[in-house]
Amino acid sequence: MIAWLSDWLRDIIAVIMLATFVELLLPNKSMQRYARLVIGLLILLTIMSPILRLLQGDFNAKLKDGISNWDQLEAKHEVKMPTLNDIQKKAEDLNKQQNSDAAALMEQTLEDSMVDAVVKQTGLSVEAVDVTLKWEQHGKTMTPYVNAVLVTLPTDKTVSASSEESSDKVKEVAAISVDVDVDVNIDRSQDEDKQAAAGAGKEKPDDGFAKVNPSDSEEIRDVLAEGWGVNPSKIQVRQRAESGVH
Amino acid sequence: MEIIQIVGLGLIATILIIVVREQKPLFAFLLAAFTGLFIFIFLIGKIDSVIKVLEDLANRSGIPSIYLKTILKIIGIAYIAEFGAQIVRDAGQDSIASRIEFAGKVLILVMAVPIISVIVETVIGLLPAGS
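Order-wise, the sequence lines are chains A and B.
So for the first sequence, my numbering puts the first residue at 35; every next one is plus one.
So for the second sequence, my numbering puts the first residue at 41; every next one is plus one.
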């Protein structure tokens with residue numbers, strides 16, 4: 035009880051001392067009247083604090099809420115000019131967006147032209163070419179480069195149809211014979227770690243992709259490497275399995 | 041010995057203003073305004089130590105920081121409004137100066153709104169309900 039009383043008294047004394055200091059600090063009489071009102075209210079609040087606490091719990095939190103609410107209300111009314119930093123940040127964001135849009139467009143056109151070239155030069159039909167670009171730091175600007183090319187060949191129906199009749203074609207044999215491609219893949223993509231090999235190994239049974247005729251994939255790789263300067267080890271060729279989902 | 045510097049500056053400025061006022065009243069006003077500004081800025085740094093004492097007092101006695109914040113805001117508003125009003129008054133625009141002071145008073149009263157609302161709520165809560 036005594037401790038609580040001394041706390042309360044100390045609060046009151048401190049606020050009153052604060053008030054006297056402030057009165058000294060205030061510049062002129064006309065302001066003093068208004069400031070005195072506010073400070074008087076503060077002193078009143080301090081003196082009443084036991085009653086307030088008794089009646090409505092934590093009134094300090096309430097007061098804080100009220101003041102912050104008021105501040106927010108004021109801030110909302112103000113017209114905010116964007117600062118230079120904001121503008122620069124926005125410009126950076128826009129730049130990034132533009133770059134990524136341009137990269138997406140470039141991927142699209144690259145894919146289209148790669149499909150055309152492969153179809154024209156090798157005579158194979160291509161279902162899709164998936165180009166992945168990566169960004170490289172060149173001084174201040176970022177420039178894209180082709181990171182990976184994934185060529186998907188459609189199911190070779192002619193092979194399945196003709197395989198029953200004539201099995202003397204080299205193509206079919208190679209298409210059926212397994213494991214060669216995996217070895218080749220690993221050899222070629224030494225810099226690409228085992229992940230790719232493992233992924234390729236996983237993909238085939240799961241997603242219904244069959245082995246590709248090594249000579250076909252070799253041909254496609256050559257075309258792409260010549261035309262676009264893509265590292266052959268980064269080119270992956272796969273074919274839809276005949277009994278696949280599609 | 042800042043007081044000597046400030047008084048010296050004030051005296052020199054006053055003499056110059058008296059000399060110049062006959063020929064160029066505009067320059068006299070500019071000189072007065074800049075002298076006032078300089079002294080104001082010079083002393084703002086000194087007020088800092090007073091405010092530190094206040095903060096120390098507040099921390100030690102455990103008054104809520106919101107009280108101190110409000111009081112400091114009041115002091116700041118009062119000083120800035122006063123300073124601006126005096127410069128304008130020096131230029132002979134009494135009406136604008138009184139508007140600036142009015143704005144300062146209104147802003148000080150705005151500070152009191154949350155406090156008043158808490159007190160009013162309490163007083164209403166004290167009254168017996170339903171009477």
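Cβ atoms here follow ideal geometry from the backbone N, Cα and C, with glycine treated the same way.
Check	Outcome
For residue 167 of chain B, report the span of its beta strand (DSSP E) as first-last.	Here residue 167 of chain B belongs to no beta strand (DSSP E), and DSSP marks it neither H nor E.
Which value, in whole angstroms, describes the spacing of the CA atoms of residue 89 of chain A and residue 75 of chain A?	18 Å
With respect to the beta strand (DSSP E) encompassing residue 158 of chain A, which residues constitute its N-terminal and C-terminal limits?	Counting along the chain, residue 158 of chain A falls outside any beta strand (DSSP E), and DSSP gives it neither H nor E.
Going straight from the alpha carbon of residue 268 of chain A to that of residue 118 of chain A, what length do you get?	43 Å
Check each residue of the region 65-83 of chain A: if its Cβ is closer than 9 Å to any Cβ of chain B, include it; give the result in chain order.	65, 66, 67, 68, 69, 71, 72, 73, 75, 76, 78, 79, 80, 82
Run through chain A and tell me which residues come within less than 9 Å of residue 97 of chain B, C-beta to C-beta.	48, 51, 52, 55
Determine the chain B residues that contact residue 88 of chain A at a beta-carbon separation under 8 Å, and present them in chain order.	In chain order: nothing, as chain B lies at least about 10 Å away.
Below 8 Å between beta carbons is the criterion; list the residues of the region 75-102 of chain B that meet it against any residue of chain A, in chain order.	87, 90, 93, 94, 97, 98, 100, 101, 102
Which residue spans inside the region 94-161 of chain B form an unbroken alpha helix (DSSP H) run of at least 4?	105-130
Can you tell which of B:82, B:152, B:168, B:55 has its C-alpha closest to the C-alpha of residue 46 of chain B?	B:82
Taking C-alpha atoms, which residue in A:251, A:250, A:244, A:249 lies nearest to residue 274 of chain A?	A:244
What is the DSSP secondary structure of residue 117 of chain A, counted as helix, strand or coil?	coil
How is residue 184 of chain A classed by DSSP in three states: helix, strand or coil?	strand
Rounded to a whole number of angstroms, what is the C-alpha to C-alpha distance between residue 145 of chain B and residue 65 of chain A?	7 Å
Under a CB-based cut-off of 8 Å, is residue 153 of chain B close to chain A?	yes
Any residues in the region 95-106 of chain A with a beta carbon nearer than 7 Å to a beta carbon of chain B? Which ones, in chain order?	96, 97, 98, 100, 101, 104
Considering only the alpha carbon of each residue, which of B:66, B:49, B:69, B:87 lies closest to residue 59 of chain A?	B:87
Closer than 8 Å is the cut-off here; do at least three beta carbon pairs connect the region 43-57 of chain B with the region 100-115 of chain B?	no
Would you mind sorting residue 100 of chain A into buried or exposed? The rule is 16 or more other CB atoms within 10 Å of its CB.	buried
Figure out for me which residue from A:84, A:51, A:73 has the closest Cα to the Cα of residue 41 of chain A.	A:84
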